[in-house]
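Presented below is the structure to which this report refers.
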Amino acid sequence: MFATVLSHQNSSHTNALPQDLFGAIADLKRELKAVILAHYYQDPDIQDIADYIGDSLGLSQQAAATNADVIVFAGVHFMAETAKILNPHKLVLLPDLEAGCSLADSCPPQAFAEFKAAHPGHLVVSYINCTAEIKAMSDIICTSSNAVNIVKQIPADQPIIFAPDRNLGRYVMEQTGRDLVLWQGSCMVHETFSERKLVELQIQHPEAEVIAHPECEPALLRHARYIGSTTALLNYAQMSASQAFIVATEPGIIHQMQKAKPNKQFIPAPPMNQCACNECPHMRLNTLEKLYLCMKTRQPEITLPEPIQAAALRPIQRMLEMSA
Ligand code: 13P
Ligand code: SF4
C-alpha cells in the first residue's frame with residue numbers, strides 16, 4: 010500500500026502521512042474549501058469521510074450545484090471529468106488518475122464517430138459512463154437511474170443510438186418498447202456475475218430477494234426482483250419488507266445498505282471465479298491515503314481541452330433538465 014502511495018507522488022513531502030488521516034483530510038477540506046463527492050463503490054473509509062455519497066446522477070447533480078472551490082472526486086475518471094465539465098473554472102481532483110472504467114474504454118472516440126456516421130438521423134443518448142469525447146458527440150447523457158425516463162421523453166418516431174452499455178441499452182429497450190441501436194460495450198464488473206452460482210445461492214437463501222444493477226447481463230437480470238441504479242437499490246433494500254438480499258452490483262454499496270439496515274442481511278452476488286473480481290478494480294484504486302495526498306498536493310487534477318469541454322456540457326445539461 011505505502012509503495013503505491015509513494016509511486017503516486019513525485020514530491021518530497023510524500024513520506025509524511027499523518028497518523029490521523031480522517032482528521033487531516035477534514036483540515037484540508039476546510040483549508041481548500043473543498044467538497045468530497047464519493048460513489049458507493051468506494052472503500053468504506055472513503056464513503057465515511059465524504060460530504061456526499063451517491064450514484065452517478067446524484068453525484069452530477071451535486072457537482073452542478075456545489076459552491077465549494079475545489080471538488081475532490083472519489084470515483085472514476087469519467088465522473089471527475091463530468092464534474093469538471095460542469096465546473097470548468099474549479100479545481101477538480103481525482104485521488105488516482107488511473108481510476109478508469111472498462112465500459113468507458115469499450116467505446117473509443119474514432120470508432121464511435123464512424124458508428125454514428127453509419128446511422129444518420131439518429132439521436133445519440135449516451136450513458137454517463139463514457140469519456141468526454143463521447144459525450145461531446147452525444148445529444149443527451151443519461152445514467153442508470155434516468156435512462157428509461159429520458160428515452161421515454163424522446164418522440165417515438167426518432168431513431169436513437171444508445172451507447173456504450175449494451176446491457177443497460179437492452180434493459181431500456183425492454184422497459185420502453187423502443188428499438189435502440191446499441192453500441193456493444195459492457196462493464197467488466199457487472200458481466201462477471203455467474204448465473205449458475207446465483208441460482209445456487211438462491212437455493213441456499215430462498216428468503217433473499219435478488220436485486221440487480223441494469224449493467225448486469227440479461228441472464229442475471231431475469232432472476233432479479235428489483236432492478237435499479239445503486240441509489241435505487243439502496244432505497245429498495247430499505248423499504249422492502251424482506252430481511253435478506255442478494256446484491257448483484259459492486260459490493261461497495263453494501264456498506265451503506267448495512268449502515269441503513271444493520272439487522273438485514275446483504276449477500277454479494279458471486280462472481281464466476283473465487284476472486285474479488287466483483288469489486289471494481291478501477292474504483293478501488295482510490296484509497297484514503299491517496300485522497301489525503303491529492304488534497305495536500307492539489308494533484309492529480311482533471312483538465313480537458315476547451316472545445317471538448319464545451320461540446321460535452323450541452324448533453325449533460327440536457328440530462329439535468331430532463332431529470333428535474
Ligand atoms: P450508478 O452510479 O448509476 O448506479 O452506476 C453504477 C456504475 O457502474 C458507476 O460506474
Ligand atoms: Fe466502470 Fe463497471 Fe467500474 Fe462502474 S463498475 S466504474 S461501469 S468498470
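If you count the sequence shown from 1, you need to add 9 to reach my numbering.
Glycine is no exception: its CB is placed at the ideal position from the N, C-alpha and C atoms.
This structure is a prediction, so every number in the text was calculated from the model and none was measured.
Residue i at chain C interface by Cβ criterion, 8 Å
i	result
L46	Absent from the structure: chain C. Only one protein chain is present.
Nearest to residue i (by Cα), restricted to the options the options
i	options	result
P280	S203, H128, M331	S203
I163	A145, V133, P118, P215	V133
P97	I325, T306, Q318, I62	Q318
K270	T240, C289, A246, M292	A246
A141	V85, G261, S154	V85
D29	D54, T201, I45	D54
S154	L207, T91, T239	T239
H69	K42, A77, T91, Y61	Sequence inspection shows Ser at residue 69; the His mentioned does not correspond to that position. Out of K42, A77, T91, Y61, T91 has the C-alpha closest to the C-alpha of S69.
A43	A25, L102, N176, D57	L102
H264	R327, E288, K161	E288
A228	K161, E200, P309	E200
Contact under 8 Å by Cβ, residue i with residue j
i	j	result
A257	A278	yes
I159	C151	yes
G194	L66	no
P324	S147	yes
H222	G109	no
I220	Y49	no
Y235	E216	no
V157	F171	no
Y61	L41	no
I94	A321	yes
C139	P168	no
R307	L100	yes
L294	E107	yes
E224	C196	yes
Between the CA atoms of residue j and residue i - distance to the nearest angstrom
i	j	result
D36	V79	14 Å
Q71	F82	11 Å
Q51	D188	35 Å
E183	L230	12 Å
M248	F275	14 Å
M88	K305	21 Å
A149	M331	Rather than Ala, the amino acid found at residue 149 in this sequence is Ile. Cα-Cα distance, rounded: 9 Å.
L302	A59	15 Å
R205	A233	14 Å
R39	T75	15 Å
G63	Y136	16 Å
M266	L243	6 Å
T185	P27	52 Å
H17	W192	In this prediction, H17 scores a pLDDT of 43, lower than 50, which makes its location untrustworthy; no coordinate-derived value is stated.
N176	F254	22 Å
P260	V198	10 Å
F11	K299	Its pLDDT being 36, under 50, F11 is placed unreliably by the model, and the measurement read from it follows with that caveat. If you take the alpha carbons of F11 and K299, they lie about 10 Å apart.
A25	I34	14 Å
Assigned exposure category for residue i - 16 Cβ within 10 Å defines buried
i	result
Q359	The chain is shown from 10 up to 333; residue 359 falls before or after that span and cannot be answered.
A126	exposed
P129	exposed
Q213	exposed
N6	Lying before the first or after the last residue shown, residue 6 is absent from the chain, which here runs from 10 to 333.
K268	exposed
G32	exposed
N282	exposed
D105	buried
P316	exposed
A145	buried
V208	exposed
Q56	buried
Query raised in the report: Counting by C-beta, which residues lie closer than 7 Å to a heavy atom of the ligand SF4, in chain order?
Result: Y50, V85, C110, S111, L112, A113, N138, C196, M197, V198, H199, E224, E259, C289, H291, M292
Query raised in the report: Who's in the neighbourhood of the ligand 13P, going by beta-carbon under 5 Å from any heavy atom, listed in chain order?
Result: D64, S65, T152, S153, S238, T239
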